[in-house]
Amino acid sequence: MARWGMVIDLEKCTGCQACTTACQMENNRLPGENWQDVLFYNEGEYPSGKLTWLPRPCMHCENPSCVAVCPTKATYKTEDGAVLINWERCIGCKYCMIACPYGVRFYAEEKQKTQPDIRKVYPGDSGKMWNPPYRMPEHKRNLKWGVGVQPKGVVSKCNFCYHRISQAPKGTPDLDPNDPKLRDFTPACVVTCAPTARYFGDLDNPKSKVRQLIAEKRGVRLQDQTGNRPQVYYLAGEAATIPETRSVRRKQS
Amino acid sequence: MSEPRQMNRRDFLKSSAVAGVAVTGGGALVTSMGTGAAEAETRAMPPLETKIVKSVCHQCPARCGIDVYVTDGKVHAIYGTLDHPISNGKLCPKGHLGAYILYDPDRFKGPMMRTNSKKGRDEDPKFKPISWDEALAAIASRLNALREKGEQHRFAIVHGRGWGASDAGLLGDFGKLYGTPNGALGHSSICSDGSKKAKAALDGNYNYNAYDYRNTNYLLNFGAAFLEAYRPYNNNMQVWGHIRTKSPKTKVTVVDVRVTTTGAAADHLLLVKPGTDGALALAIAHVILAEGLWDRKFVGDFVDGVNHFKAGETLEPGTFKEKWTLGLIEWWNTELKNRTPAWAAEITSVTERDIVAVAREFGVTRPAMAIFERGPTTHTNGLYNGMAIHALNALVGSMYAVGGLMNQMGVPYGKLPVKADEFMDDLARAAAERKMPRLDRVKTKEVPLASNNIQGIAQSIVEEKPYQLDTLMFYLTNPIFSTPNAKQWEEALKKVFVIETSPFPSETSVFADIVVPDHTYLERWQDTPTYPFQGWPMTGLRVPAVKPLHDTKAFGDTLIEIGKRIKGPMGEHYKKLGNVENVLRHLAKGFEANPGDNGVNSFDTWVEKGVWYKKPYLYRQIAGEFYEWDGTDYRRPMSNQEVKSKLFPTESGRFELKSSYLGHYGEFISERLGIPPTRVGFPQWLPPKYTGSGDLHFITPKTAMHAEGRSANLPHAVALYQPVSGGRNEMFLEIHPETARQRGIRNGDRVRISNELGAITARAHVYPATRPDTVVLPFGFGHWAHGRWASSRKTGNGCEIIPNVSEPVSGLASYYTVKVKVEKA
Chain A
0 MARWGMVIDL EKCTGCQACT TACQMENNRL PGENWQDVLF YNEGEYPSGK LTWLPRPCMH
60 CENPSCVAVC PTKATYKTED GAVLINWERC IGCKYCMIAC PYGVRFYAEE KQKTQPDIRK
120 VYPGDSGKMW NPPYRMPEHK RNLKWGVGVQ PKGVVSKCNF CYHRISQAPK GTPDLDPNDP
180 KLRDFTPACV VTCAPTARYF GDLDNPKSKV RQLIAEKRGV RLQDQTGNRP QVYYLAGEAA
240 TIPETRSVRR KQS
Chain B
0 MSEPRQMNRR DFLKSSAVAG VAVTGGGALV TSMGTGAAEA ETRAMPPLET KIVKSVCHQC
60 PARCGIDVYV TDGKVHAIYG TLDHPISNGK LCPKGHLGAY ILYDPDRFKG PMMRTNSKKG
120 RDEDPKFKPI SWDEALAAIA SRLNALREKG EQHRFAIVHG RGWGASDAGL LGDFGKLYGT
180 PNGALGHSSI CSDGSKKAKA ALDGNYNYNA YDYRNTNYLL NFGAAFLEAY RPYNNNMQVW
240 GHIRTKSPKT KVTVVDVRVT TTGAAADHLL LVKPGTDGAL ALAIAHVILA EGLWDRKFVG
300 DFVDGVNHFK AGETLEPGTF KEKWTLGLIE WWNTELKNRT PAWAAEITSV TERDIVAVAR
360 EFGVTRPAMA IFERGPTTHT NGLYNGMAIH ALNALVGSMY AVGGLMNQMG VPYGKLPVKA
420 DEFMDDLARA AAERKMPRLD RVKTKEVPLA SNNIQGIAQS IVEEKPYQLD TLMFYLTNPI
480 FSTPNAKQWE EALKKVFVIE TSPFPSETSV FADIVVPDHT YLERWQDTPT YPFQGWPMTG
540 LRVPAVKPLH DTKAFGDTLI EIGKRIKGPM GEHYKKLGNV ENVLRHLAKG FEANPGDNGV
600 NSFDTWVEKG VWYKKPYLYR QIAGEFYEWD GTDYRRPMSN QEVKSKLFPT ESGRFELKSS
660 YLGHYGEFIS ERLGIPPTRV GFPQWLPPKY TGSGDLHFIT PKTAMHAEGR SANLPHAVAL
720 YQPVSGGRNE MFLEIHPETA RQRGIRNGDR VRISNELGAI TARAHVYPAT RPDTVVLPFG
780 FGHWAHGRWA SSRKTGNGCE IIPNVSEPVS GLASYYTVKV KVEKA
């Protein structure tokens with residue numbers, strides 16, 4: 000059984016947000032509900048201001064604090080390494096949102112930040128929060144995996160495109176989107192990443208490209224002190240840094 | 000699918016309180032729910048067949064090949080096409096949003112006629128749906144009536160992004176057959192004509208360059224948003240991933256007036272004062288010469304082999320033997336000798352230390368290239384800024400070299416089934432002989448050298464000069480929103496009969512008398528020959544992914560249908576031309592004799608693959624010699640005459656550092672720009688003339704989400720528009736803390752941005768990395784009639800306060816010369 004993980008090379012990442020929109024398209028997310036967000040940080044000032052960014056999916060932790068706190072066992076860890084939310088069990092209590100050290104969980108509030116509310120344009124029916132014409136084909140939707148248009152009142156998050164990766168041939172070390180045979184099983188954000196800043200593969204397979212990159216380019220995990228042990232690794236390279244968790248902004252008089 | 004649950008959060012908290020359930024803390028709780036196969040069995044729905052249609056994106060000029068995923072007649076995903084040379088399976092952030100454009104709930108549903116004769120921003124046009132037959136008949140009868148009076152010039156078509164022979168490419172013949180000089184009034188003068196003209200002046204090619212980025216080792220980028228908006232954006236990012244991790248790593252210096260992701264990702268970001276890029280480029284050239292770093296194989300050398308370039312000292316022309324350049328010593332003597340880094344530091348505000356460092360890096364690294372776009376060129380001195388930058392490519396020998404610049408080759412299309420010339424009637428011929436001036440006054444004494452002047456059309460209409468216009472048709476452009484002094488169009492469009500073809504509501508459509516809506520790009524046939532890319536020819540094909548959602552028609556077909564209804568031979572011509580699909584079938588016949596590298600040799604294979612292309616590029620400069628591809632390598636030496644006709648079509652057949660083209664217009668340039676006629680040919684420092692009554696430079700750049708005006712009504716795009724400054728759902732004015740403090744502005748305050756043209760408002764984002772003399776408000780929001788999301792943003796449209804001033808030679812609108820006043824609203 001594979002243990003899927005992702006490597007993000009910050010030296011290559013251009014902060015374009017194609018991962019964000021590809022994810023929204025693939026997973027029928029609401030505007031601004033960025034399962035795969037890119038966070039921007041500004042420090043310093045003219046003429047040496049520093050702008051950095053950090054793409055942030057769910058870390059699919061080995062030891063996920065969200066799973067530990069979920070009172071209904073809605074959020075769970077699969078045998079192949081993904082952290083999923085079973086929307087049939089989720090009661091929207093948001094404990095997991097507080098427990099997650101990475102802020103990657105979402106709850107669609109009544110009042111949408113992007114107005115007018117697109118859910119009113121495409122009202123939902125039978126367990127769907129909304130029903131846009133460009134939604135995922137019905138046969139791919141899977142509530143137990145938290146895949147597809149979500150019901151109302153549940154927490155959602157990046158599922159590593161589980162409807163794609165779960166169909167990959169067994170024993171595949173890496174899901175390489177440049178391989179036509181593996182492309183459709185690769186997470187949307189990895190498929191589209193133009194500078195190839197993303198890699199997806201089996202962390203338990205010593206021959207995988209992701210393992211090689213983590214070793215050669217000294218992959219790091221965010222907030223390792225929490226003990227969550229993310230399965231998303233970052234390569235910081237020489238020309239990239241992991242930004243401070245918050246920007247420093249001069250106080251206004 | 001079962002209903003998800005019965006219990007909500009409140010219920011749960013109640014029951015857990017009663018039962019005293021403790022929330023598990025710490026330690027992993029791994030619950031296996033099974034994977035893959037087991038889960039798949041539980042699915043109720045049978046899988047539906049998914050069809051992948053090959054098409055071409057439409058959200059910037061890049062022409063990325065896309066795979067459109069269609070299931071059950073609905074588009075639900077768009078990815079880059081894996082075997083497409085531009086997209087290579089990848090997309091930019093806009094590309095994925097194509098289905099949202101297709102299903103935009105605010106789209107026009109079919110042709111409409113205005114019933115409210117009063118026009119104004121706040122006047123409801125009171126559109127009444129009409130049939131296509133009625134719409135086309137109404138337009139044709141208007142055009143026939145003008146023709147009968149011999150007043151065809153009073154009909155004009157203004158177009159934006161032209162894609163190929165099947166849309167904008169049809170306009171030339173339409174104008175000729177109808178008999179108007181205004182059949183194809185383009186938008187390039189609000190686009191990038193500045194860079195084209197700068198290149199034409201020096202190397203003779205009036206075009207954007209193709210680039211061999213993957214093999215360059217130094218990229219010196221002046222004001223081209225390489226990682227945000229510079230085409231082909233998607234491929235630029237693919238290149239970026241490569242050049243920043245290859246060995247040796249490509250070094251990148253970005254010169255811009257604001258902090259961009261491009262600048263932040265580069266090795267150096269030099270924040271210049273707006274409009275002074277040319278001074279920086281000249282100082283770099285000065286250092287390259289003074290320190291002897293130029294490419295001797297391309298440029299040539301001093302006869303005695305010793306470097307005699309010394310700051311402030313003139314040289315005898317005979318002392319230097321030039322190879323592929325012309326006028327180097329004259330350029331040095333008249334301009335460069337005093338353009339020292341210390342001089343440029345004063346003008347640009349970049350330190351002398353940084354200028355010298357970048358000049359040395361650029362000068363000693365090979366291959367190196369200097370690229371530029373609107374940052375330096377949308378200024379009153381834009382042509383000369385561009386020339387100063389492009390001249391660097393000659394000094395480091397990057398023209399046609401590995402890791403350098405090329406020019407794009409054309410596509411060997413088949414011929415159309417009918418020749419327009421054979422269908423011209425007496426009216427068309429008489430009109431051709433009469434040589435009426437163009438409505439935009441291009442090729443008149445006023446605008447003699449530009450290709451287009453879309454930003455001048457509103458004035459032409461308002462002042463009825465050169466004549467009174469009757470009917471104006473728009474295709475893929477909305478100048479009432481996007482040109483400088485945009486509001487003047489509101490007066491202009493009251494005076495003419497307006498035909499709008501946009502699939503979406505637009506500011507233009509508020510003034511439209513008739514709307515004949517286009518398909519969106521996922522519904523239409525269209526050819527898309529590449530923008531300059533890697534030199535070798537390529538053309539993609541848009542194939543309808545779904546049947547049109549509404550009662551719309553592709554613009555090319557609308558034009559052909561109007562043509563069929565024009566009396567006389569013109570009508571016959573269009574009946575024989577048939578429709579856009581027929582045009583495309585004839586274009587594809589050219590592939591029979593020139594099969595593409597991917598096997599495309601017919602219309603059907605073009606549809607299947609979505610793109611025809613044929614590598615390699617045919618020309619290469621190696622160590623100062625030019626070679627043509629001989630079938631296996633670049634080995635056939637080219638004569639000077641061949642280089643002149645194919646690569647440097649200047650009068651000298653060389654890269655002219657003293658432009659003979661500009662030399663012919665000395666008097667005009669002298670009059671408009673105040674340069675002595677003897678000096679007009681040289682790349683040189685010309686101070687920018689700032690416009691607008693204010694004290695802060697006002698920059699309105701494009702961000703990555705800006706899809707040429709078509710993403711502003713996508714809520715998903717709106718929520719991501721200006722990530723650098725936190726602009727989500729709203730566009731902020733970036734302002735330096737000190738600048739804000741002096742004006743009593745706090746972060747998040749609503750501010751009024753004004754000059755003599757008027758005022759707009761926006762919210763301020765106090766951003767310390769901004770230049771203190773510059774405020775930045777990205778272009779794209781500020782719509783007032785473009786659909787529910789676009790029109791409900793709380794940011795003004797910068798174009799309403801940008802005075803309509805253009806660089807006189809290229810004709811490019813000077814968007815970035817404007818100054819404004821900013822105060823708390």
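Just so you know, the sequences run in chain order A and B. Quick note: the first sequence, position 60, residue 59 per numbering that gives the first Met the number 0, numbers continuous. Quick note: the second sequence, position 286, residue 285 per numbering that gives the first Met the number 0, numbers continuous. Glycine is no exception: its CB is placed at the ideal position from the N, C-alpha and C atoms.
Determine the DSSP secondary structure at residue i, reduced to helix, strand or coil.
i         : result
Phe173(B) : helix
Val395(B) : coil
Pro115(A) : coil
Ser753(B) : strand
Leu776(B) : coil
Phe225(B) : coil
Thr34(B)  : Low local confidence applies: a pLDDT of 39 at Thr34(B) is under 50, so the model's placement there is unreliable, with the coordinate-based value given in what follows. Thr34(B) falls in the coil class under three-state DSSP.
Trp342(B) : helix
Thr376(B) : helix
Pro122(A) : strand
His389(B) : helix
Do you know offhand how far residue i's Cα is from residue j's?
i         : j         : result
Val66(A)  : Gly64(B)  : 41 Å
Asp202(B) : Trp628(B) : 21 Å
Met704(B) : Thr261(B) : 15 Å
His75(B)  : Phe496(B) : 39 Å
Tyr720(B) : Leu29(A)  : 15 Å
Ile744(B) : Ala763(B) : 8 Å
Lys53(B)  : Tyr233(A) : 34 Å
Pro687(B) : Leu656(B) : 21 Å
Tyr616(B) : Cys69(A)  : 60 Å
Leu96(B)  : Tyr207(B) : 27 Å
Trp131(B) : Arg541(B) : 23 Å
Lys49(A)  : Ala768(B) : 7 Å
Val82(A)  : Glu42(A)  : 33 Å
Tyr840(B) : Gly304(B) : Because chain B spans 0 through 824 in this model, residue 840(B) falls outside it and cannot be assessed.
Glu345(B) : Leu685(B) : 14 Å
Cys95(A)  : Lys196(B) : 59 Å
What are the boundary residues of the alpha helix (DSSP H) that residue i is part of?
i         : result
Ile800(B) : Element bounds for Ile800(B): n/a, residue is neither H nor E.
Leu685(B) : Run containing Leu685(B): none; DSSP gives neither H nor E here.
Gly665(B) : Gly665 to Leu672
Trp605(B) : Phe602 to Lys608
Ala264(B) : Thr260 to Ala264
Whose Cβ in chain B lies nearer than 9 Å to the Cβ of residue i?
i        : result
Met96(A) : The premise fails here: Met96(A) is roughly 12 Å from chain B at the closest Cβ pair, so nothing lies under 9 Å.
Could you name the residues of chain B that residue i contacts, counting a contact when the two beta carbons are closer than 8 Å?
i        : result
Gln16(A) : Pro92, Ala703, Met704, Leu719 and Pro722
Could you list which residues in chain A have their beta carbon closer than 7 Å to that of residue i, in chain order?
i         : result
Pro714(B) : Pro30, Thr113 and Ile117
His75(B)  : Tyr133, Arg134, Met135 and Pro136
I'd like the span of the beta strand (DSSP E) that includes residue i, first residue to last.
i         : result
Gly304(B) : No beta strand (DSSP E) contains Gly304(B), which DSSP labels as neither H nor E.
Gln620(B) : Tyr618 to Ile621
Val821(B) : Lys818 to Lys823
Using only the heavy atoms of the ligand COA, determine whether one of them is closer than 7 Å to the beta carbon of residue i.
i         : result
Lys151(A) : As far as ligands go, the structure on display features none, and thus does not contain the ligand COA.
Starting from residue i, find everything on chain A with Cβ-Cβ shorter than 8 Å and list it in chain order.
i         : result
Met112(B) : Correct list: empty, because the minimum Cβ distance to chain A is about 27 Å.
Contact between the region 164-181 of chain B and the region 773-785 of chain B (3+ Cβ pairs under 8 Å): no
Three or more C-beta pairs below 8 Å linking the region 399-412 of chain B and the region 209-218 of chain B: yes
When the Cβ atoms of the region 171-191 of chain B are set against those of the region 435-451 of chain B, are three or more pairs found closer than 8 Å? yes
Does the region 205-218 of chain A come close enough to the region 119-128 of chain B to have 3 or more Cβ pairs within less than 8 Å? no
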